[in-house]
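K.L.:
Counting in the working numbering, the sequence shown runs from 1 upward without gaps.
Note that the Cβ used here is the ideal one computed from N, Cα and C, for glycine as well.
None of these values were measured; they are calculated from a predicted model.
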Amino acid sequence: MLWEFIKKLNRDGHTIILTTHYLEEAEALCSRVAMMKQGKIVALDSTANLLNKFAGKQLRLILGDVNLPASIQPLLRSQEKGAFTFALHDMVQIEFVLSALREANIKVIDMQLNEADLEDVFLSLVGNQND
């Protein structure tokens, strides 16, 4: 109910400043998003532009218990029980990852290609909070 009211105010031409840690809310409610790191704005743009510029796509591969080739380690976003998620900024990187796996004789059990979201943008921009 509150979010619908906020959306209506925005549609009516009012500027709404929303602070949240819930990036799904920001993605659903905001046309422009600012992201901060250590009190400083590190990105300010439309949601669509942030997604296009920083997030790209995510390639999730089920590979089993394997050691990844060093050449694709920098693209690795997360790993959990044989599932590896890679952050890709362009489609050419899909072939790069798959080629490296073929050369290492690693079999792909399952593959999913997903659009990134604002959480992925945030992680790309802010990275390790200890930086």
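With H, G and I counted as helix, E and B as strand and the rest as coil, what does DSSP make of LEU113?
P.N.:
Three-state result, LEU113: strand.
K.L.:
Can you name the start and end residues of the alpha helix (DSSP H) that ALA48 belongs to?
P.N.:
Its alpha helix (DSSP H) spans residues 47–50.
K.L.:
Mind reading off the beta-carbon distance from LEU61 to VAL108? Whole number of angstroms is fine, and I expect it under 8 Å.
P.N.:
At roughly 6 Å, the Cβ-Cβ gap stays under 8 Å, so LEU61 and VAL108 are in contact.
K.L.:
Using C-beta distances below 7 Å, list every residue in its chain close to GLN112, excluding the 5 sequence neighbours before and after it, in chain order.
P.N.:
Closer than 7 Å at the Cβ level, and outside the excluded window around GLN112, lie ARG60.
K.L.:
Just checking my contact of ILE106 with LEU63 at CB under 8 Å: how many whole Å lie between their CB atoms?
P.N.:
Going by Cβ atoms, the distance from ILE106 to LEU63 rounds to 6 Å, so yes, they are a contact pair.
K.L.:
In the structure shown, what three-state DSSP assignment does LEU63 receive?
P.N.:
Coil.
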